[in-house]
Amino acid sequence: MVVVSIAGVPVNFPFTPYESQLVYMEKVIVSLESKQNALLESPTGTGKTLCLLCATLGWLQHRKRSLQKAARERKTAGRLEYEDGPGDDDDADAGVPKIIYSSRTHTQLKQVVKELKQTAYKPNVAILGSREHLCVHPEISKMRGTQQNHSCRMAAKQMRCIYKSGYDQSKKGGAHPIMDIEELVTTNLEKQVCPFYASRDMLAKANIIFMPYNYLVDPPLRKSLGVSLENTILIFDEAHNVESIASEAASYSLSTEDIQGCIKEAQECHRMISSRRYVPDESSFLSEQSVTTLIELLMEIERGLNAFPVSKDGGCTKPGEYIFDFFKAFNISFDTAPMVLGISEQVIEAITDGGNASNPRNSRLESLVSFLKTIFRDKDNHHKMTKQFRVHIQELTTQGPKRYSSAPAAFKTLRWFHYWCFHPGVAMQEIYDQKVHNVILTSGTLSPLDTTTKELGIPFPVQLENGHVVDASQVWLGVVGVGVTGKRLNSSYQFRSSVEYLVELGNTLVNFARLVPHGLLIFFPSYTILDQCIAHWQMPPADGAPSIWARLTQLKAMHVEPKNRTEFATVVADYHAAIKANAAGAIFMAVCRGKVSEGIDFSNENGRAVVITGLPFAPIKDPKIVLKKEFLDQAVVPAGETKLSGNNWYVQQAARAVNQAIGRVIRHRHDYGAIILLDERFGYAQQRGTLSKWLQPYCHNFGSYGEAHGTLVRFFKFNREKYAAAPPPAPPKSLPFKAPKQLEPPTPTEAAPVESAPKDATTNSQVAIGDGQSYVNPRLLAKPAAAPAPVPGPVRAVPVAPPVSAPPSLRRVLEKQVVAGSTAEVRASSSLEAIVQNARAVLSPAELAALLGLIRNVPRAPEDMPEIAALLGPHPELLEPIAALLPRSYQQFTPVSVNAAVQAMAASAARLKRKAAPAGVAVPNPQCSICFDVAGHSHAAPCGHICCDRCWKKLEQRGQLVCPVCKATWEAKALVRIHAKAKQSKPSTRTL
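Dropping the structure here:
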């Protein structure tokens, strides 16, 4: 392990971290120390989960020790000799926050726990899950929802569950090994201990609690878990979905079918009471009369919903406040809702107790109860809250299940009552108000951060858009807007169903399948488009040639993402097996926003390229999309703030889905992969700007398929040879490492050599990448050293060495000034003689002779000063002593004005120098380190790495450049022109 000191906090890390990892951990620690929320974007493959765990646990450990030390000092201050009190450490522990680490699914949390086991930290861990995930009872585990919860409680109460009894007899509060949810179930099952109750027992002593983040944003669910958020560090990993999850948690939908289900449950309860199969408690509200009243109320709601006038096209939309008017018509208000909820909950309990255990189902009545609890929970602020909601009532016709395979499709029409939340900040603000320590959101796709902050509605003072740990040679990103036969590729609604588009896309994919080694991931905008493409590609052509699907199958094993979740794991396993078994590899066709695009690791051979076939825009006419866009367009923002328009939000949602799919490849420091965007719209400036920030410099818009094919061939050839020749990465060494106080990019003088650079630059000035040269010996690029500052002193003390010496005329001028006896003149003459010496070091003999000629004329022709300034442009410090030679009429200027004139002349000379064409260096077939183009217009950084002018322009920010290979920082004006030179010519030499 390596101990890294970041912002004064020692952090144990499994290996020496990369710069981007140090920057990330610094941001985490700053947010924890200052109790500020953080929004941290770091590309997939940069180790953000490991960094987040180590930084947070390192700070937690540091915080605990600081509090314990402070507690001891307070005790010591009150007596001469300190003796540990029994509660000293406990008091300190009370001030240490707990960590709640949440991610989207338990599968993703399993990966987080795996990372935790690799660290030096061994915290007390708790994993929270529902009974659906943790129950091991042979019968109850098959149930779902209310029936499962109630059956579990009854079995525990009546001591009919051996696992609950085993938990009761087990030792509580002891130390537990770090386990994921599957290990928690397996371990406790072997001991005949209930995993569900065991996980609750682990909460009290846990330093870090793992749970899916819908447990946090859903208030009723969070309350049922009994988790307190006060003084907790809330971490949302893979947080690109938090906005939608938070909105959905606050939204509800109710159909006429749901209400009919509620009526049936109430009627079943009525029959149970009337037949004495269920006898309510004396304290219960439940009776035949109360249940009859509930049934009549539910029937009125169904009639009211069916009678509501709606248009067949878009339904009917009302403001959020209408929700109270709707239920008021049925006498449900803040005053009467508690009674309705009480009776409904007792009906649920009754039918669960007397229900059929072989029919695991969710209670429809329970959904209605959750709905009403949410609406009528805050009487004081309900008008303020409803401004973030809209009521939408619509009529939908759906296809029902067939009774038998040959039966005609059965359709049914339902009325839906939607209560949609369009501001995720409703749920996030409620969490934030629980006095949490701070909130950290992290993902590989959070940009743009400003709009994410607006959507979530809470402040995020600490923000980061991190770079990647890979070099430019490991990434290929191209927009291919035309197919293999030159036809346009555009998956918009206007073109995606045309035969021409489907054939062109299919033929282009066949060519890329030949080119890409091993695993190829292909993402489609939706399941509909995926199914449409496969159906057409499987049709044999009229000329009897093999179909597109047959040609793909001949090249690689084909796999398609299933819509059924139960089949998904099997298909993924088959894909990985095909990669290992087949040298040609396999293809995995999937959907943006689908299961493959979320959290699945396709590193190394499993994913050498990812193809995005189109922009995954949500259905533009979907009522929820229409209302969300209207909600944002109508929002009023404070003066000076940027407003998030509905259209911008719409575009950003598609961009995030694309960036998530792209993140399936290039999963670690030594991985490489290609990203192929097969839609001409990716070439538009608006869409390219929505790509992850670290990707944008690498993006190239190719005018033809052939151009993209050539550079991609060179990309895979180079990386195949590079990683075939290189030995496997050695395990990280545990060397002491201390992060700098200011985590900034290294200066040019501090830049370390990169892996692809030659070990001896004096003997090898180029490194081949593909078919060209992307590296040049930095010594060939070196410019003359800057002249040292003039050193005043006696004229005779300054040696004048051949071959160039001051001419006799200039010596006579200097001698006259010395004879004059003025101290200032002596200083000027000695400085001038120093200029001659220093100029010899920076100018060629011809330039030095020209300078001496101009200096000779300064007393008679001061107008030559600009020409001198142009000659000494890079060395303005040599101009100041020359000003002393100006005629007496010029001496009226103050030293300040003379200096200003000198600086102005130096600036003018610098501008002239920039306009002049640089001398440059000749290199055989100079090749860009980013796009791999063998381009004639290219420059090299002082570190020796070459990029084409187009790529350097993308990398430039405020006159600064970061080398895409070695990450050294340079000024843009430090680049040196590279001239293409024939391979058979002599080695590169500097031309002057």
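Each residue of the sequence shown is one higher than the one before, starting from 1 at the first, in the UniProt record's numbering. Glycine included, each C-beta is placed from N, C-alpha and C at the ideal position. Everything numeric in this text was worked out from a predicted model, so none of it was measured.
Neighbour-count burial assignment, Asp633, 16 or more Cβ in a 10 Å radius: Here residue 633 corresponds to residue number 633 of the sequence shown, with the count starting at 1. Asp633 counts as exposed, since fewer than 16 other beta carbons sit within 10 angstroms of its beta carbon.
Beta-ladder partner(s) of Pro546, from DSSP: Indexing the sequence shown from 1 puts residue 546 at position 546. As DSSP reads the structure, Pro546 sits in no beta bridge.
Residue from Tyr775, Gln554 and Asp450 with nearest C-alpha to Leu644: Translated into positions along the sequence shown, residue 644 becomes position 644. Among Tyr775, Gln554 and Asp450, the Cα nearest to that of Leu644 is on Asp450.
The segment 376–383 touching the segment 294–306, judged by at least three CB pairs closer than 8 Å: At 8 Å Cβ cutoff, the stretches do not touch.
Whole-angstrom distance between Asp237 and Ala940, CA atom to CA atom: Sequence index remark: in the sequence shown, residue 940 carries index 940 (1-based). Sequence index remark: in the sequence shown, residue 237 carries index 237 (1-based). For Ala940 and Asp237, the distance between alpha carbons rounds to 39 Å.
Phe716 versus Ser447: straight-line alpha-carbon distance, rounded: Looking up residue 716 in the sequence shown gives position 716. Looking up residue 447 in the sequence shown gives position 447. Rounded to whole angstroms, Phe716 to Ser447 spans 30 Å at the Cα level.
Per-residue burial, Ser34 [other beta carbons within 10 Å of its own, 16 or more giving buried]: Your numbering for residue 34 matches position 34 in the sequence shown. Around the beta carbon of Ser34, a 10 Å sphere encloses fewer than 16 other beta carbons of the protein chains shown; the residue is thus reported as exposed.
Opposing strand residues paired with Cys421 [DSSP bridges]: One-based indexing of the sequence shown puts residue 421 at position 421. Looking at the DSSP assignment, Cys421 forms a beta bridge with Phe389.
Beta-carbon contacts of His668 that lie in its chain and below 7 Å, excluding the five residues immediately before and after: Taking the sequence shown and counting its residues from 1, the one referred to as residue 668 is at position 668. Same-chain partners within the cutoff: Gly45 and Ser603.
As assigned by DSSP and simplified to three states, the class of Ala768: Locating residue 768 in the sequence shown gives position 768, where the first residue counts as 1. Note that Ala768 scores 35 on pLDDT, short of 50, meaning its location in the model is unreliable; the coordinates nonetheless yield the value given after this. Looking at Ala768 - three-state DSSP - the assignment turns out to be strand.
CB contact below 8 Å: Trp420 versus chain D: Looking for chain D here will not work: only one protein chain is present.
Test item: CB-CB of Lys164 and Tyr197 under 8 Å: As a working note, residue 164 is residue 164 in the sequence shown. As a working note, residue 197 is residue 197 in the sequence shown. Result yes, Cβ atoms of Lys164 and Tyr197 sit closer than 8 Å.
Which of helix, strand or coil DSSP assigns to Trp537: Taking the first residue of the sequence shown as 1, we reach residue 537 at position 537. Here Trp537 sits in helix by DSSP.
Alpha carbon of Thr413 to alpha carbon of Ala654, nearest angstrom: Numbered from 1 along the sequence shown, position 413 holds the residue referred to as residue 413. Numbered from 1 along the sequence shown, position 654 holds the residue referred to as residue 654. Spanning the two alpha carbons is a distance of roughly 31 Å.
Outcome for Lys628 when other beta-carbon atoms lying within 10 angstroms are tallied against a minimum of 16: Counting from one through the sequence shown, the residue named residue 628 turns up at place 628. Burial call: buried.
C-beta atoms of Val499 and Ala38 nearer than 8 Å: If you number the sequence shown from 1, residue 499 lands on position 499. If you number the sequence shown from 1, residue 38 lands on position 38. No. Outside cutoff.
Three-state secondary structure assigned by DSSP to Trp694: Looking up residue 694 in the sequence shown gives position 694. Looking at Trp694 - three-state DSSP - the assignment turns out to be coil, as it is neither helix nor strand.
Contact check, Lys75 vs Ile209, beta carbons under 8 Å: For this step, residue 75 is matched to residue 75 along the sequence shown. For this step, residue 209 is matched to residue 209 along the sequence shown. In this structure, Ile209 does not lie closer than 8 Å to Lys75 by Cβ.
Residue span of the beta strand (DSSP E) that contains Pro212, given as start and end: Looking up residue 212 in the sequence shown gives position 212. Unbroken beta strand (DSSP E) run through Pro212: Ile208 to Pro212.
Rounded C-alpha distance that separates Cys948 from Glu707: Here the question's residue 948 lines up with position 948 in the sequence shown. Here the question's residue 707 lines up with position 707 in the sequence shown. For Cys948 and Glu707, the gap between their C-alpha atoms comes out near 16 Å.
Assumed close pair Ser103, Thr442 - CB separation to whole angstroms, cut-off 8 Å: Start at 1 with the first residue of the sequence shown, and residue 103 comes out as number 103. Start at 1 with the first residue of the sequence shown, and residue 442 comes out as number 442. About 10 Å separates the CB atoms of Ser103 and Thr442; that is not less than 8 Å, and the two are not in contact.
For Ala573 and Leu586, believed in contact at Cβ under 8 Å, the rounded distance: Walking along the sequence shown from the start, residue 586 turns up at place 586. Walking along the sequence shown from the start, residue 573 turns up at place 573. The question names Leu, but residue 586 in the sequence shown is Ala. Cβ atoms of Ala586 and Ala573 stay farther apart than 8 Å, at about 12 Å.
Closest Cα partner of Ser255 within the set Val96, Gly166, Phe417 and Gln148: Within the sequence shown, numbered from 1, the residue matching residue 255 stands at position 255. Taking each of Val96, Gly166, Phe417 and Gln148 in turn and checking the Cα distance to Ser255, the smallest one comes out for Phe417.
Sheet register partners of Tyr775 (DSSP bridge): Translated into positions along the sequence shown, residue 775 becomes position 775. His945, per the DSSP bridge assignment.
Top-ranked residue by Cα proximity to Pro309, from Met339, Val30, Arg415 and Met159: Reading the sequence shown from its first residue, position 309 is the one you call residue 309. The shortest CA-to-CA distance from Pro309 to any of Met339, Val30, Arg415 and Met159 is the one to Arg415.
C-beta contact flag for Ser141 and Thr352 at 8 Å: Numbered from 1 along the sequence shown, position 141 holds the residue referred to as residue 141. Numbered from 1 along the sequence shown, position 352 holds the residue referred to as residue 352. With contacts defined as CB atoms closer than 8 Å, Ser141 and Thr352 fail to qualify as a contacting pair.
Straight-line gap, Met428 to Trp476 (C-alpha atoms, nearest Å): One-based indexing of the sequence shown puts residue 428 at position 428. One-based indexing of the sequence shown puts residue 476 at position 476. If you take the alpha carbons of Met428 and Trp476, they lie about 38 Å apart.
Selected residue, minimal CA-CA separation from Ala980, among Lys954, Val965 and Val934: Position 980 of the sequence shown, counting from 1, holds the residue named residue 980. If we check each option's Cα against that of Ala980, Val934 comes out closest.
With 16 other Cβ atoms within 10 Å as the buried cut-off, status of Tyr101: What you label residue 101 is simply residue 101 of the sequence shown in a count that begins at 1. Taking every protein chain shown into account, the CB of Tyr101 has 16 or more other CB atoms within 10 angstroms, so this residue is buried.
Bounding residues of the alpha helix (DSSP H) (the contiguous stretch that carries Met272): Taking the first residue of the sequence shown as position 1, residue 272 is located at position 272. Following the DSSP letters along the chain, one finds Met272 inside the alpha helix (DSSP H) bounded by residues Thr256 to Ser274.
Tyr101: first and last residue of the uninterrupted beta strand (DSSP E) it sits in: Your numbering for residue 101 matches position 101 in the sequence shown. Run containing Tyr101: Lys98 to Ser103, per the beta strand (DSSP E) assignment.
Ile332 - containing alpha helix (DSSP H), residue span: Stepping through the sequence shown from its first residue, residue 332 is reached at position 332. Here Ile332 belongs to no alpha helix (DSSP H), and DSSP marks it neither H nor E.
Assigned secondary structure, Val636 (DSSP; H/G/I helix, E/B strand, else coil): Counting from one through the sequence shown, the residue named residue 636 turns up at place 636. Under the three-state reduction of DSSP, Val636 is assigned to coil, being neither helix nor strand.
Ranges of the alpha helix (DSSP H) found wholly within the segment 163–195, counting only runs of at least 4: Given a length threshold of 4 residues, each whole run of the alpha helix (DSSP H) inside the segment 163–195 is given here in chain order: 181–190.
C-alpha distance - Ser66 paired with Glu230, whole-angstrom precision: Indexing the sequence shown from 1 puts residue 66 at position 66. Indexing the sequence shown from 1 puts residue 230 at position 230. In this model, Ser66 and Glu230 are separated by some 21 Å (Cα to Cα).
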